[in-house]
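A.B. asks: Anchor point for the sequence shown: position 6 equals 5 in numbering that gives the first Met the number 0, and the numbering is continuous, going up by one each time.
Quick one: structure below, then a few questions.
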Amino acid sequence: MTTTTLELTLPVDPDTEEPVEPIDEEAVLLEIYELWEVGERVQVLQIVLGMQADWTYGPATFDRHVQELIDRGLALDHLPPPPTTSTTLPPFDDQVNNLYPNQQVQDFKHPGVSDEWIFFGVAGTSVQVQMTSGHFDAYLEVFGPLGDLIAINDDHVGTDSFVSVQLCETGAYTVHARSFGYGNEQLGYYSILLTGGDVVIDALLQKCEVLADS
């Protein structure tokens, strides 16, 4: 008489997430990047560097990259040439909605979502950002190249918002255009304007949307 032993198998939960593969940090750090490169692999590098990811390999990312390589005792010979002090911003993808200085644009804010605008700023200059809306109570936040909150405003005139910021670092600054109140739930059209006179050269705003965290 022959007997067959069946191996016990457990049912597989179809909703179970696949395990996340760990990032090979050293491999990411030793990849070759171009100054002003924009893309997902730059985002991964910025995560490894502990930075707020803006997907752009600018001066702030370059400086942090160099320091991290030195701290880990890794080679520096694959780095791009150091960034200059030029304030000329490299071209952005034509498919991205760009806003240039002194050019007011209108957009629509969805409930529970902050519109994120990114501009390139130069240390020692100052910029002003104005947000107006007839549909909701505007609320502005400005973050520096390292992700630190450097300016905030709710009501400048009525329910409109305005911030004037002296820039302490050269790099990509992030503006969160949102509505006042818990959950950022208000919605409607708004206008946003970046100004800075002659002290800001080739600054621009680039829009994307991020979910509200409060």
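For glycine and all other residues, C-beta sits at the position ideal for the given N, C-alpha and C.
Residue 182 to residue 26, Cα distance in whole Å?
C.D. replies: Their Cα atoms are separated by approximately 39 Å.
A.B. asks: Let's test the definition: count the other Cβ atoms within 10 Å of the Cβ of residue 188 and tell me whether it reaches 16, buried, or not, exposed.
C.D. replies: Exposed, because fewer than 16 other Cβ atoms sit within 10 Å of the Cβ of residue 188.
A.B. asks: For residue 118 versus residue 178, is the C-beta spacing smaller than 7 Å?
C.D. replies: Result no, Cβ atoms of residue 118 and residue 178 do not sit closer than 7 Å.
A.B. asks: Per DSSP, what kind of secondary structure is residue 103 in: helix, strand or coil?
C.D. replies: Of the three classes helix, strand and coil, the one that applies to residue 103 here is coil, per DSSP.
A.B. asks: Quick check: residue 67 and residue 44, are their CB atoms within less than 7 Å of each other?
C.D. replies: No. Outside cutoff.
A.B. asks: How many Å lie between residue 39 and residue 176 at the Cα?
C.D. replies: Spanning the two alpha carbons is a distance of roughly 24 Å.
A.B. asks: Do residue 144 and residue 122 come within 7 Å of each other at the CB atom, strictly closer than that value?
C.D. replies: It is not a contact, given that the beta carbons lie outside the stated cut-off.
A.B. asks: On the DSSP bridge list, what partners appear for residue 127?
C.D. replies: BP columns for residue 127 point to 163 and 194.
A.B. asks: Using only the alpha-carbon positions, how far apart do residue 80 and residue 56 sit?
C.D. replies: C-alpha separation (whole angstroms): 12 Å.
A.B. asks: Does DSSP put residue 89 in a helix, in a strand, or in coil?
C.D. replies: Bear in mind that the predicted position of residue 89 carries a pLDDT of just 44, short of 50, making it unreliable; the figure below should be weighed with that in mind. In this structure, residue 89 counts as coil in the three-state DSSP scheme.
A.B. asks: Taking the alpha carbon of residue 125 as the reference point, which residue from 69, 195 and 185 has its own alpha carbon closest?
C.D. replies: Among 69, 195 and 185, the Cα nearest to that of residue 125 is on 195.
A.B. asks: Identify which residue in 139, 61, 127 and 120 has its Cα closest to the Cα of residue 35.
C.D. replies: Residue 35 has its Cα closest to that of 61, out of 139, 61, 127 and 120.
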